[in-house]
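Student: Handing you a structure now.
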Amino acid sequence: MTGSSQLQRQLSKSKFVAGVQCLKRLYLRVHLPELAAEMDEGTEAILNQGHEVGLLAQQAFPGGVVVAQSHDELGAALEETQRLVADPKIPAIFEATFRYQGVLVRVDVLERVRRGRWRVIEVKSTTSVKDYHLYDVAIQRHVVSGCSLNVASSCLMHLNREYVYDGREYRPEKLFTIEDTTAKVDGIEPELLAMLKEQRAVLNRKSPPDIEPGPQCGDPIPCEFYEQCHEPLPDDHVSYLPRISQPKVDALLDQGVTLISEVPEDFPLGTLARRACDAVQQGVTWFSEDLRQELRELKYPLAFMDFETLYPGIPRYAGMRPYDHIPFQWSVHRQQNPNAKLEHFEFLATDDSDPRRQFIESLCRVLKGKGHVVVYNRSFESNRLGELAAWLPEYAGQIEQIQNRLWDLLSVVRGNVYHPGFRGSYSIKSVLPALVPGMTYEGMEIANGGEAGLAWDRLTRDGLDDARKRSLRGALLRYCGQDTRAMARLIESLRGSVSNRPPRAAP
18 MTGSSQLQRQ LSKSKFVAGV QCLKRLYLRV HLPELAAEMD EGTEAILNQG
68 HEVGLLAQQA FPGGVVVAQS HDELGAALEE TQRLVADPKI PAIFEATFRY
118 QGVLVRVDVL ERVRRGRWRV IEVKSTTSVK DYHLYDVAIQ RHVVSGCSLN
168 VASSCLMHLN REYVYDGREY RPEKLFTIED TTAKVDGIEP ELLAMLKEQR
218 AVLNRKSPPD IEPGPQCGDP IPCEFYEQCH EPLPDDHVSY LPRISQPKVD
268 ALLDQGVTLI SEVPEDFPLG TLARRACDAV QQGVTWFSED LRQELRELKY
318 PLAFMDFETL YPGIPRYAGM RPYDHIPFQW SVHRQQNPNA KLEHFEFLAT
368 DDSDPRRQFI ESLCRVLKGK GHVVVYNRSF ESNRLGELAA WLPEYAGQIE
418 QIQNRLWDLL SVVRGNVYHP GFRGSYSIKS VLPALVPGMT YEGMEIANGG
468 EAGLAWDRLT RDGLDDARKR SLRGALLRYC GQDTRAMARL IESLRGSVSN
518 RPPRAAP
C-alpha cells in the first residue's frame with residue numbers, strides 16, 4: 018500500500034463517528050468523497066455555530082494554548098502537542114493532536130489535572146449529552162490513552178439551557194455545563210474496539226458494503242450520501258401516508274405494495290392515513306362534515322399573522338438563553354369582512370440591535386381590536402408571544418389578548434381536509450399549491466423559515482454591500498408576506514369548497 022493510500026485510509030474522529038452511524042457512509046467519505054452532496058447553508062451555519070461555541074468554551078480555561086490546525090502541518094501539530102503536554106505550566110491544550118494505531122484525533126480541550134493526569138473534554142453546541150456523543154468522547158480517550166497519557170476522566174461540555182445572558186459579556190463557566198461521561202465511555206470501550214476492527218476491514222474493501230437504507234440515513238445526522246442510496250419515490254408511495262409508522266410501511270412493502278393506490282381496504286391504518294389513502298384511491302379531495310361550521314366560527318375582522326425567528330445557540334441579547342427564539346419579522350394581512358380587500362402590514366428588523374421591543378410594539382398597534390388572528394400552527398406563535406411577555410412584561414396584557422384571539426388554520430386543515438397533492442404533509446408549503454392552484458413557494462429566493470433565519474443573520478451580521486442588503490430585505494419581506502397571504506387564500510378556497518359541493522363523511 019502506498020503512503021498516500023495509507024494517509025487516505027487513516028481514521029479520524031469524524032470518520033470514525035461517521036462509521037458508527039453507517040459503515041457505507043464511512044467508506045464513501047474515505048474513497049468516494051466526490052459523491053457527497055454539496056453542503057447547504059443550513060449545514061454550514063451549524064458548523065459555524067459549532068466553531069463559535071468551541072471558541073467560547075476555551076475561555077472557561079484561562080491560560081490554555083491552541084495547537085495550530087493546518088492540515089499541511091500535521092507533523093508540526095503532533096510535535097507542538099507533545100511540547101505543551103510536557104510543559105507543566107500549561108493548564109489546558111485546545112485542539113491537542115494525537116495519532117495512535119492509525120487513528121487521528123484533535124481534542125477540543127485537554128485539561129491538566131492533579132498528579133500528571135488529564136481530562137479529555139469534547140465540546141458540543143447541544144444543551145445535553147446525547148448517546149451518540151459518547152463515541153466522540155470514547156475514540157478520543159482511546160487515542161490519548163494509547164499515546165501514554167494518564168486520562169483521569171472523559172467529559173462532554175455543552176451549552177447550559179438555564180444560562181441567562183446579561184447583554185454585556187458571556188460567562189463561560191455559567192454558559193457551559195461539563196458532564197463526566199467516564200462511566201458511560203468505560204461501558205462502550207469493548208464495542209469501540211470491535212468497531213475499529215470492523216471499520217478498518219471495510220476500508221480495505223474494493224467496493225462499499227451493501228447496507229440497506231434505514232433510520233441510520235438521517236440519525237443522528239442526515240447523511241451527505243443520502244442520494245446514493247435512495248432513488249426518488251413516486252408521488253403516491255405508501256411512505257407518504259400521514260402518520261404511518263415505519264413498521265407499517267415495511268409491512269406493506271413486504272407484501273409488494275409500494276403505491277397508495279394498491280393498499281388493501283382491510284390493511285390496518287390510523288384515521289389520518291386511511292383518510293388520505295381513500296382520497297388518493299378515489300382521486301378526490303376529502304372534506305369533513307364539520308368544516309363548514311369550523312369556518313363559520315371565524316370572527317371578523319380577520320388578521321392573518323406569521324412570525325420569522327432565529328434561535329442561535331449562543332444567546333444574543335439580554336435576558337435570553339441558549340436557543341431562545343429571536344423574533345425579527347412579522348407579517349399581517351387584515352380583512353374586514355369576507356368580501357373586503359386584504360390590507361398588508363409588516364415589520365423587519367434590519368440591524369443587529371435587539372429587535373424584540375420594536376417587534377411587539379408594532380405588532381400590538383396593528384392587532385388592536387377584536388376578531389380572530391389566524392395562524393398556521395398556533396403553538397409556535399403563541400409560544401413566541403409568551404416569551405415576549407416574559408421579556409417585556411409591560412406588554413403582557415396586550416400579548417395575552419392577542420393569544421386569546423389565535424385561530425389555528427393548521428389544526429382545521431389537518432382535521433377536516435385531505436387532498437392527494439398533500440403527499441402526506443400538512444405543511445403550508447404542501448397544502449397551498451394543492452388547494453390554491455398557481456400559488457406556490459417554488460422559485461422564491463427564500464422559501465422556508467430556516468432560510469429566512471439564515472438570511473436575517475447575514476443581513477444583520479455580515480459586511481454586505483447595500484445592493485445585497487436590499488436584495489435580502491426584499492426576499493425576506495416577500496417570503497413572510499407570502500405566508501400570511503397564503504392563509505387568506507386558503508380560507509377563501511375552503512369557503513368555496515364547502516359552499517360548492519356537499520361535504521363528505523369521515524371514513
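Read in order, the letters of the sequence shown are residues 18 to 524 in my numbering. The beta-carbon is built from N, C-alpha and C at its ideal position, and this holds for glycine as well.
If the criterion is Cβ atoms closer than 7 Å, does the pair S348 and D368 meet it?
Tutor: No, Cβ-Cβ distance for S348 and D368 is not below 7 Å.
Student: Given this structure, state the Cα-to-Cα distance separating S442 from R222, to the nearest angstrom.
Tutor: Rounded to whole angstroms, S442 to R222 spans 41 Å at the Cα level.
Student: CA-CA distance, G59 and G470?
Tutor: G59 and G470: Cα-Cα distance of roughly 10 Å.
Student: Identify the continuous beta strand (DSSP E) that holds E360 and give its terminal residues.
Tutor: It spans E360 to L365 - the beta strand (DSSP E) in which E360 sits, taken as one unbroken run.
Student: Can the beta-carbon of A472 be found closer than 7 Å to that of L489?
Tutor: It is a contact, given that the beta carbons lie within the stated cut-off.
Student: Within a Cβ cutoff of 7 Å, which residues of the same chain sit near E241, ignoring the five residues on either side of it in sequence?
Tutor: Excluding residues within five positions, the ones whose Cβ falls inside 7 Å are A53 and A54.
Student: Between which two residues does the beta strand (DSSP E) harbouring H159 extend?
Tutor: Counting along the chain, H159 falls outside any beta strand (DSSP E), though it belongs to the alpha helix (DSSP H) covering H150 to G163.
Student: Evaluate S142 with the Cβ neighbour count: other Cβ atoms within 10 Å of its Cβ, from every protein chain shown; 16 or more gives buried, anything less gives exposed.
Tutor: Buried, by the Cβ-count rule.
Student: How far does the alpha helix (DSSP H) with R116 in it reach, from first residue to last?
Tutor: Element bounds for R116: not the alpha helix (DSSP H) but the beta strand (DSSP E), A109 to Y117.
Student: So A505 and L359 are supposed to be a Cβ contact under 8 Å. How far apart are they, rounded?
Tutor: Indeed they touch by this definition, with Cβ atoms about 6 Å apart.
Student: Answer yes if the region 110–118 comes into contact with the region 79–95, meaning at least three C-beta pairs across the two stretches below 8 Å, and no otherwise.
Tutor: The region 79–95 is in contact with the region 110–118.
Student: Does any C-beta atom of chain C lie closer than 7 Å to the C-beta of S31?
Tutor: Protein chains in the displayed structure number just one, and chain C is not present.
Student: Can you say whether S165 is buried or exposed, counting buried as having 16 or more other CB atoms within 10 angstroms of its CB?
Tutor: The residue is exposed, with fewer than 16 neighbouring Cβ atoms inside 10 Å.
Student: Does DSSP classify S171 as helix, strand or coil?
Tutor: Looking at S171 - three-state DSSP - the assignment turns out to be strand.
Student: Give the straight-line distance between the Cα atoms of E325 and A413, rounded to the nearest whole angstrom.
Tutor: Going by the C-alpha atoms only, they are around 20 Å apart.
Student: Residues bridged to L176 by DSSP?
Tutor: Note: L176 sits in a beta bridge opposite F193.
Student: List the endpoints of the continuous alpha helix (DSSP H) containing V70.
Tutor: It spans E58 to Q75 - the alpha helix (DSSP H) in which V70 sits, taken as one unbroken run.
Student: Among P454, L384 and V37, which one has its Cα closest to the Cα of Q420?
Tutor: For the residues P454, L384 and V37, the minimum Cα distance to Q420 belongs to L384.
Student: Do A320 and R292 count as a contact pair if the criterion is CB distance below 7 Å?
Tutor: Contact flag unset, no.
Student: If I measure Cβ to Cβ from D17 and keep anything under 7 Å in the same chain, skipping five residues before and after, which residues do I get?
Tutor: Residue 17 is absent from the model: the chain starts at 18 and stops at 524.
Student: Which residue's Cα is closest to the Cα of S305: Y435, R158, T501 and A218?
Tutor: Closest option to S305, Cα to Cα, is Y435.
Student: Using CA atoms only, rank isn't needed, just tell me which of R42, F78, D253 and A268 is closest to V130.
Tutor: Considering only alpha carbons, the answer is F78.
Student: Please name the residue, chosen from E196, A211 and A451, that lies closest to L176 on a Cα-to-Cα basis.
Tutor: When only C-alpha atoms are compared, the closest one is E196.
Student: Within 10 angstroms of its Cβ, does D104 collect 16 or more other Cβ (buried), or is it exposed?
Tutor: Looking at its Cβ environment, which holds fewer than 16 other Cβ atoms inside 10 Å, D104 is exposed.
Student: From L426 to R502, what does the alpha carbon distance come to, in whole angstroms?
Tutor: Straight-line Cα distance between these residues: approximately 13 Å.
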